[in-house]
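S.K.: Here the sequence shown is numbered in numbering that gives the first Met the number 0, starting from 0 and rising by one per residue.
C-beta: ideal position from N, C-alpha, C; glycine also.
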Amino acid sequence: MPSHKIKDFYNLLSRDSFVLIYLGAFDDELTPILMDINDAGKSEMKSSRKKISYLIAECFQNIIRHSDKTNRVTLSEDVPEMFILRDRNRIHHLVTTNIVQNEHTVDLSSKLDSLQNLSASELKEMYMQIFQNSETSAKGGAGLGLIDMARKSGVAPTYKFVDLGNNFSNFFMQVNVLPKDFSGTLTEDDYSLDSALAIYEQMVREKIVIVQKGDFSQEAVLPLIQLFENNLNLKDAEIAVAKKVLYLLIEMLQNMTRHSEKINGIKEGIFYISEHGTSSYEISTGNFLKADQAQNLKEKLDAIIDLDKLTLAKKYKQQLMNSEETEGKGAGIGLIELCRHSSDRINYDISPAENGLAFFSLHVKV
0 MPSHKIKDFY
10 NLLSRDSFVL
20 IYLGAFDDEL
30 TPILMDINDA
40 GKSEMKSSRK
50 KISYLIAECF
60 QNIIRHSDKT
70 NRVTLSEDVP
80 EMFILRDRNR
90 IHHLVTTNIV
100 QNEHTVDLSS
110 KLDSLQNLSA
120 SELKEMYMQI
130 FQNSETSAKG
140 GAGLGLIDMA
150 RKSGVAPTYK
160 FVDLGNNFSN
170 FFMQVNVLPK
180 DFSGTLTEDD
190 YSLDSALAIY
200 EQMVREKIVI
210 VQKGDFSQEA
220 VLPLIQLFEN
230 NLNLKDAEIA
240 VAKKVLYLLI
250 EMLQNMTRHS
260 EKINGIKEGI
270 FYISEHGTSS
280 YEISTGNFLK
290 ADQAQNLKEK
300 LDAIIDLDKL
310 TLAKKYKQQL
320 MNSEETEGKG
330 AGIGLIELCR
340 HSSDRINYDI
350 SPAENGLAFF
360 SLHVKV
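1. Using the C-alpha atoms, what's the distance from Asp-348 back to Leu-12?
2. Of the choices Gly-144, Ser-118, Leu-117 and Ala-119, whose alpha-carbon is the least far from that of Phe-130?
3. Under 9 Å between the Cβ atoms of Val-105 and Ser-168?
4. Which of the three DSSP states, helix, strand or coil, is assigned to Ile-449?
5. Just to confirm the assignment, what range does the alpha helix (DSSP H) spanning Asp-305 have?
6. Alpha carbon to alpha carbon, how far is Asn-175 from Cys-58? Give it in angstroms, no decimals.
7. Using the Cα positions of Arg-344 and Val-161, report the straight-line distance between them to the nearest angstrom.
8. Can you tell me the Cβ-Cβ gap for Arg-339 and Lys-297, rounded? I've got them flagged as a contact below 8 Å.
9. Looking at the structure shown, is Glu-281 part of a helix, part of a strand, or coil, going by DSSP?
10. By a C-beta neighbour count over all protein chains shown, 10 Å radius and 16 as the cutoff for buried, is Val-18 buried or exposed?
11. In angstroms with no decimal places, state the Cα-to-Cα distance between Leu-300 and Ile-335.
12. Quick test of your reading: Pro-156 and Leu-111, contact by CB under 8 Å. State the CB separation rounded to the nearest angstrom.
13. Taking all protein chains shown into account, do 16 or more other C-beta atoms lie within 10 angstroms of the C-beta of Gln-128, making it buried, or fewer, making it exposed?
14. So, using beta-carbon positions, are Ile-62 and Leu-114 closer together than 9 Å?
15. Which same chain residues, not among the five before or five after Lys-206, have their C-beta less than 8 Å away from its C-beta?
16. Identify whether Ser-322 lies in helix, strand or coil by the three-state DSSP scheme.
17. Would you decide whether Leu-319 is buried or exposed? Buried here means 16 or more other CB atoms lie within 10 Å of its CB.
18. What do you reckon, are the CB atoms on Phe-215 and Gly-264 nearer than 9 Å?
19. With DSSP run on the structure shown, which of helix, strand or coil describes Ala-378?
20. May I have a chain-ordered list of the beta strand (DSSP E) segments no shorter than 3 residues that lie completely inside the segment 144-199?
21. Mark Arg-48 as exposed unless 16 or more other C-beta atoms lie within 10 angstroms of its C-beta, in which case mark it buried.
22. Suppose contacts are defined by Cβ-Cβ distances below 9 Å. Is Ile-20 in contact with Ile-209 by that definition?
Given below as structure tokens:
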């Protein structure tokens with residue numbers, strides 16, 4: 000992805016104070032990892048942690064229940080599944096996608112439409128009636144899950160089907176989780192799935208597998224690493240490549256944690272990983288710095304960015320052996336390591352922002 004596009008992606012999510020997007024393989028290992036990331040999320044989400052954690056688990060069960068994984072060979076191209084957790088205007092949105100056969104869309108639409116405008120007591124009564132009548136099956140039992148989502152979130156899920164051809168559709172569902180003290184009315188924009196569809200299209204087009212926007216505190220780093228390790232393509236990659244990717248991932252995330260400028264009390268930034276062919280990835284970060292710090296960083300990068308690997312190795316050893324090394328030079332070691340282990344010339348961009356800040360983006364391929 001060209002360097003300027005990470006800022007475009009950041010702007011696309013500008014109204015979101017926290018975003019996590021995952022595109023790829025879904026299995027049972029993902030649920031606790033996503034709960035950990037939710038726990039490390041920004042403070043406005045913490046009052047809803049327990050509820051959101053429950054709904055994350057239910058959303059994954061919904062993917063498992065409704066996904067039609069058979070006969071996908073009839074599709075002209077791979078259609079990955081996506082999960083989004085986002086916090087926007089104090090409303091938490093959970094979005095899932097999965098492929099369904101068109102013969103199941105009518106039943107799903109009927110179940111979801113029946114939940115619209117029902118009160119909490121009416122939802123509870125509907126849930127108990129279905130539960131007591133034992134109207135459960137591999138697909139039919141999902142109706143209980145949908146009802147429970149509406150009960151826990153405070154409003155019925157919104158949904159949309161996108162036709163894929165060959166009797167398949169991509170099923171987008173959004174659960175809107177309202178805070179306990181919510182007294183307003185959801186707007187059409189709150190209900191709309193247009194933003195989620197735009198995000199999905201960009202993720203697929205740019206082959207991005209993970210995005211996080213928000214406060215990059217230290218505790219948020221480990222769950223992100225676990226999430227990437229869980230990605231199926233990484234599991235199949237060569238061990239040497241996997242180790243290098245994880246090493247650079249840790250270095251770049253820690254770089255954001257150490258050097259992002261605080262805005263409104265948080266170190267806000269954006270991070271994503273995109274695929275570039277078999278066992279090849281690009282790690283990208285974007286965060287705000289003071290303008291003078293950005294200029295200093297530019298000078299450090301320009302001094303090493305075009306050096307060959309042997310010269311970089313020598314500079315690295317010199318830095319380590321320098322007993323009078325300052326904190327600033329220590330930060331330079333991290334940049335040297337990124338240049339040493341990148342499979343291509345690292346790419347960066349600095350663009351002016353408001354209030355004497357600059358937006359710094361960094362891209363490393365491996």
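M.R.: On the basis of the coordinates in this document:
1. 19 Å
2. Among Gly-144, Ser-118, Leu-117 and Ala-119, the Cα nearest to that of Phe-130 belongs to Gly-144.
3. no
4. No statement about residue 449 is possible, as the shown extent of the chain runs from 0 to 365 and does not include it.
5. It is not in any alpha helix (DSSP H) - Asp-305 carries neither H nor E in the DSSP assignment.
6. 12 Å
7. Spanning the two alpha carbons is a distance of roughly 39 Å.
8. Not a contact, Cβ separation roughly 19 Å.
9. strand
10. Residue burial annotation: Val-18 is buried, with at least 16 other C-beta atoms found within 10 angstroms of its C-beta.
11. 8 Å
12. Their Cβ separation, rounded to whole angstroms, is 6 Å, which keeps Pro-156 and Leu-111 in contact under 8 Å.
13. So Gln-128 ends up on the exposed side.
14. no
15. Ser-273, Glu-274 and His-275
16. Only weak support exists for where Ser-322 lies, its pLDDT of 46 falling under 50; the value from the coordinates is given anyway. Looking at Ser-322 - three-state DSSP - the assignment turns out to be coil, as it is neither helix nor strand.
17. exposed
18. no
19. Lying outside 0 to 365, the shown extent of the chain, residue 378 is not represented and no answer is given.
20. 157-164 and 167-176
21. With fewer than 16 other Cβ atoms within 10 Å, it is exposed.
22. The answer is yes: Cβ separation under 9 Å.
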